[in-house]
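Asker: Whatever position you read off the sequence shown (first residue = 1), add 348 for the numbering used here. Where a beta carbon is used, it is the ideal one built from N, C-alpha and C, also for glycine.
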Amino acid sequence: MRALLKMKWLLEFFVLFVLAPLCVRCLNLPLNDDVLGLIVFKAAVQDPKQKLATWDEEDDSPCNWTGVKCSPRSNRVVELNLDGFSLSGRLGRGLFQLQFLQKLSLSKNNLTGNISPNFARVDNLQVIDLSGNNFSGTVPEDVFRQCGSLRVLSLANNKFSGNIPDSFSSCTSLIAVNLSSNQFSGPLPSGIWSFSGLRSLDLSDNAVEGEIPKIIENFHNLRTLNLRRNRFSGQLPDGIGNCLLLRSIDLSENSFSGNLPETMQKLVLCGNLILSGNLFEGNVPEWIGEMKSLETLDFSGNNFSGHIPTTMGNLQYLKVLNLSSNGFTGNFPGSVTKCQSLLAVDYSHNSITGTLQAIGNLGQLQFLNLSGNSFVGPIPETIGDLKALSILDLSRNRLNQSIPEAIGGAMSLMELKLDENFLGGGIPASIGNCSSLTTLFISHNNLTGPTPMALAKLSYLQNVDLSFNNLNGTLPKPLSNLPNLLVFNISHNNLEGELPGGGFFNTISPSSVAGNPSLCGSVVKKSCPSVLPKPIVLNPNSTSDSTSNSLPPSLGGHRRNRNILSISALVAIGAAAFIIIGVISITILNLRVQSPMSSSSAAALALSIGDDFSHSSSPDANSGKLVVLSGELDFSTGAHALLNKDCELGRGGFGAVYHTVLRDGHSVAIKKLIVSSLVKSQEDFEREVKKFGKVRHQNLVALEGYYWTPSLQLLIYEFVSGGSLYRLLHEASDDNVLSWNERFDIILGTAKGLAHLHQSNTIHYNIKSSNILIDCNGQPKVGDYGLARLLPMLDRYVLSSKIQSALGYMAPEFACRTVKITEKCDVYGFGVLILEVVTGKRPVEYMEDDVAVLCDMVRAAVEEGRAEECIDGKLRGNFPAEEVIPVLKLGLICTSHVPSNRPDMREMVKILEMIKCPSELQEEFGIN
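1. Per DSSP, what are the beta-bridge partners of Cys418 in this structure?
2. Using the three-state DSSP reduction, which class does Trp413 fall into: helix, strand or coil?
3. Among the residues of its own chain, which have a CB less than 6 angstroms from the CB of Phe816, if the five just before and after it don't count?
4. Determine whether the beta carbon atoms of Leu666 and Val693 lie at a separation below 7 angstroms.
5. Identify which residue in Phe532, Asp471, His568, Arg571 has its Cα closest to the Cα of Asp553.
6. Starting from Val1185, trace the alpha helix (DSSP H) both ways and give me its first and last residue.
7. What three-state label does DSSP hand Asp741 in the structure shown?
8. Contact between the stretch 660-677 and the stretch 693-707: three or more CB pairs below 8 angstroms?
9. Since Leu718 and Asp741 should fall inside the 8 angstroms C-beta cutoff, what is the C-beta to C-beta distance between them, to a whole number of angstroms?
10. With distances taken from CA atoms, which of His1245, Arg1224, Val1257, Val556 is nearest Val1235?
11. DSSP on Val1206, reduced to helix/strand/coil?
12. Give, in chain order, every unbroken run of the beta strand (DSSP E) that is at least 3 residues long and sits entirely within the stretch 666-722.
13. Please state if the CB of Ser548 and the CB of Thr520 are separated by a distance shorter than 7 angstroms.
14. Per DSSP, which residues does Phe532 bridge with? Please list them.
15. By how many angstroms is the C-alpha of Ile1122 removed from the C-alpha of Asp1032?
16. Report the option in Lys1222, Arg1250, Arg1207 whose CA atom is closest to the CA atom of Ile1233.
17. Answer yes if the stretch 1236-1243 comes into contact with the stretch 1174-1184, meaning at least three C-beta pairs across the two stretches below 8 angstroms, and no otherwise.
18. Counting only the same chain and skipping the five closest in sequence on each side, list residues whose C-beta sits under 8 angstroms from that of Gln394.
19. Considering only the beta carbon of each residue, do Tyr312 and Lys1189 sit closer than 7 angstroms?
20. Looking at C-beta atoms only, is the number of pairs between the stretch 828-843 and the stretch 1047-1067 that lie closer than 8 angstroms three or more?
21. Can you tell me whether Thr703 is buried or exposed? The criterion is at least 16 other CB atoms within 10 Å of its CB, across all chains shown.
22. Between which two residues does the alpha helix (DSSP H) carrying Pro1234 extend?
23. Rounded to whole angstroms, what is the Cα-Cα separation between Glu1036 and Ser1069?
24. Here's a check: name, in chain order, each residue in its chain whose Cβ is nearer than 6 angstroms to the Cβ of Gly480, leaving out the five neighbours to either side.
25. Would you mind giving the Cβ-Cβ distance between Ser542 and Ile560, rounded to the nearest angstrom? I have them listed as a contact below 8 angstroms.
26. Looking at C-alpha atoms only, which residue of Ser743, Leu737, Glu768, Pro776 is the closest neighbour of Ser760?
27. Is there a Cβ of chain B sitting closer than 7 angstroms to that of Thr1057, yes or no?
28. Using only CA atoms, which one of Leu400, Val425, Lys399, Trp413 lies nearest to Asp381?
29. Taking the alpha carbon of Val416 as the point to measure from, which residue in Gly440, Arg441, Lys397, Phe389 has its own alpha carbon closest?
30. By Cβ distance below 8 angstroms, which residues in the same chain neighbour Gln1107 in space, the five residues on each side in sequence not counted?
31. Which one of Leu788, Ser783, Asn1089, Ala758 has the shortest CA to CA distance from Glu768?
32. When you compare only the Cα positions, how much space is there between Pro1251 and Glu1171?
33. Measuring straight from C-alpha to C-alpha, what distance separates Lys686 and Thr730?
34. Could you tell me whether the Cβ atoms of Gly625 and Glu610 are closer together than 7 angstroms?
35. Tell me Val724's beta-bridge partners as DSSP assigns them.
36. Compute the distance between the beta-carbons of Ala758 and Ala777, then report whether it is under 7 angstroms.
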């Protein structure tokens, strides 16, 4: 086959370049080499976006083709501009036919391969731009043999390697050279430094070495010099000061050394002087103030020493000043406050002393880093005048006194770092005004007082470190509502009481709370003093089950205009009722409980769950049975969380689910069934629960226990922290898109979980993405299984109505009484789930005047050969089609309307495990 293709290519080349010209000459027709050359070029590249669709070999002239420009006099091609056309492939020989080409620009494509030695043999070529491709290899010496006309050359952002060829020295007409972001190495050809017409030289991000010679003074027209991130060394020559037109100098991250040459003060047009990451030494000279056009001055990461010159105050256009990581000494240079245009100042990691002066004058300042110095005294009140400041870092100094209330005036703050100082007093409540704050580091100080409630207002907070202070009191409970917390370190203070419950604080690291002897709770392994639940007072005359009628008098009394009792009478009645109910409940639970749980735990659960959630007036409503199927769980505090609607995770056809953290720190999910009138007897209920409670698999949500009364049934599951697959597919931000590998692992793990269920003679009945939970390792866990076995009164129609949220997942046999419901209905739902994961679309999409069913849409697309169009656009093409397409087709097989045509789940697992390696099994099911 390869030999045939090669022969075909040679034949086409022979026809285009030998026979065609001969035939044209025989017919005395004008020959257009440009058409031939461009068609050959087109044949060598791939054009996925059809940008070259107008290029037709039947045309007499290419002058109307996209990207082509001709001379109006000669009608020959003089410019070829195909920037950003998404072309791939290699540069063919066709370009050599364009004898009058002056400009060739192929930037921002995906072209590959080496550069041919004959590439630049076109005499008139003035501009070559191949930047932003994937060219590789060395640049041949012959490329620049005939480059006398070349004025602009850009090979930037490729993968070229080796030395820059010596022949490059013959390109004396160059005015702009950009070889940046490649892998060039070795010394520069010496002739480059003699290009008197050169205006821009960019060699950044390579491995070029050597020194800058004195003859750089020949660069009279040079505007931009960028040698960043190379291996240049030596001192800067005096000749650099003769390049009077220089606007930008970037010599950062090399090994330049020595002092700055005095001639540089003549560069009065220079706006950017970046010398960071070198070995420069000595004082920064006073003449730096003569470079009055400077906007960026970066001397960071060198060996400069001495005082910062006061003449920097003359730089009125200065926006960025970075002198960090040097050896500067002396006091804070107050003259810098004269630079009213400053946006960023970084003096960090020096040995500067003294107090902070009137930095409030810098009204436009957005970034201020003075960390790692020896500043003393207070933080000035004028800090509040910096309305645009987003980052303030004063850490690791010797600042004292208190954090000023004025800090709240810096309302744009996103990062505040004051750690490792000697600050005292309290944390000012005004910090709540900094509504954009994400980072707050004030550890290792002498702060006292409570943690202000104002912190709970800062909804963007991610990283908080208050450790190693003398803070006291309890943490504000509303801190648990902060949605973005990643770190909250309060270790080594004098805090007390119980940590806030819920949110980040459910998983806070023990090291983040260590060193607070009076803290209690599961994280510090110290029990808190127990607090009995408040009695719930019901109106005996009420027939409503609304929330308002079950409120205690303190909350609901103002709504009633009759039967008002005195406060003392209400207290007496409530106390008596509470004591009586408690005694009865504890007695019954002691008699009936069959688990190793303590009687106080069960009583607390009965009191705080049974009364509040049960709408039955049965005398048995509070006498429940709590059974733990594995381990020992303490529900004495966890039960109270059910009274808080904020703990509700979701609702489904069988009930609501709540998240609870038990006293021992164990998180569980509790499902409260809302089909009480249909549940079996207690004996049948317990028998069935214990059956699927024994079903254990890493891809199944484990059942850990249950609670029973005739009017209230609870199922206690392990808590899975990563949320549901539905949320990750349909509600996650663009920054949290599931990759293909993650999606495949979810599909395979779900298949394994269902296969284990079926092996245990359990049908799920309710497969959908909201019932697939993702753990912290990205592994799926199937939840909500086996519930239909608890409900014998449910026929397929009632069951269908109970799980109507699963619309689109339900197998068609639910609508036919004569077809038996088997495990194949789960296979159907799993097939829909596969399509949902691959496409990112919901099983049913409702539009203005139509309903789109996912199965039908995908099946039609696959039959028409448009399978790739179905794949989730959020993957942005980052997926192996040889895996995704078979998985998509596998989903369609599972959604066959004939149950016997669907594979069972054990077969599904095998198919998925071999999907990356085609096998006989794949062929058997028609995946390939």
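Answerer: Looking at the atomic coordinates:
1. DSSP lists Val425 as partners of Cys418.
2. DSSP, read as helix, strand or coil, puts Trp413 in coil.
3. Leaving aside the five residues that flank Phe816 on each side, the residues in its chain whose CB is nearer than 6 angstroms to its CB run, in chain order, Ser791, His792, His840.
4. Not in contact: Leu666 and Val693 (Cβ atoms no closer than 7 angstroms).
5. Closest option to Asp553, Cα to Cα, is Phe532.
6. If you look at Val1185, you'll find it in the alpha helix (DSSP H) that goes 1172-1187.
7. The answer is strand: DSSP assigns Asp741 an E or B state.
8. With the cut-off at 8 angstroms, the stretch 660-677 and the stretch 693-707 touch.
9. Taking C-beta atoms under 8 angstroms as the contact rule, Leu718 and Asp741 qualify, at a distance of about 7 angstroms.
10. Among His1245, Arg1224, Val1257, Val556, the Cα nearest to that of Val1235 belongs to Val1257.
11. Helix, per DSSP.
12. Correct list: 668-670, 692-694, 715-717.
13. Here Thr520 is not near Ser548, since their CB atoms are 7 angstroms or more apart.
14. In the DSSP assignment, the residues bridged to Phe532 are Gly510.
15. Here the alpha carbon of Asp1032 sits roughly 31 angstroms from the alpha carbon of Ile1122.
16. Each of Lys1222, Arg1250, Arg1207 was checked against the Cα of Ile1233, and the nearest Cα belongs to Arg1207.
17. With three or more CB-CB distances shorter than 8 angstroms, the stretch 1174-1184 counts as touching the stretch 1236-1243.
18. Listed in chain order, the non-local C-beta contacts of Gln394 below 8 angstroms within the same chain comprise Leu435, Ser436, Gly437, local neighbours out to five positions each way being set aside.
19. Coverage of the chain is limited to positions 349 through 1276, which leaves residue 312 absent and any answer about it impossible.
20. Touching, no.
21. Counting the other CB atoms within 10 Å of its CB gives Thr703 a total below 16, which places it among the exposed residues.
22. For Pro1234, the uninterrupted alpha helix (DSSP H) segment begins and ends at 1229-1242.
23. Rounded to the nearest angstrom, the gap between the Cα atoms of Glu1036 and Ser1069 is 27 angstroms.
24. Non-local beta-carbon contacts of Gly480 in its own chain, meaning distances under 6 angstroms to residues more than five positions away in sequence, involve Ser455, Lys456, Asn505 in chain order.
25. Rounded to whole angstroms, the Cβ separation of Ser542 and Ile560 is 13 angstroms, and the two are not in contact under 8 angstroms.
26. For Ser760, the closest of Ser743, Leu737, Glu768, Pro776 by C-alpha to C-alpha distance is Leu737.
27. The chain inventory of the structure shown lacks chain B, comprising one protein chain alone.
28. Of Leu400, Val425, Lys399, Trp413, the residue nearest in Cα terms is Val425.
29. For Val416, the closest of Gly440, Arg441, Lys397, Phe389 by C-alpha to C-alpha distance is Phe389.
30. Excluding sequence neighbours, Gln1107 sits near Arg1254.
31. Comparing Cα-Cα distances from Glu768 to each of Leu788, Ser783, Asn1089, Ala758, the minimum goes to Leu788.
32. The alpha-carbon separation between Pro1251 and Glu1171 amounts to approximately 10 angstroms.
33. For Lys686 and Thr730, the gap between their C-alpha atoms comes out near 15 angstroms.
34. For Gly625 and Glu610, no; Cβs fall outside 7 angstroms.
35. BP columns for Val724 point to Thr703, Arg746.
36. For the 7 angstroms CB-CB criterion, Ala758 and Ala777 do not form a contact.
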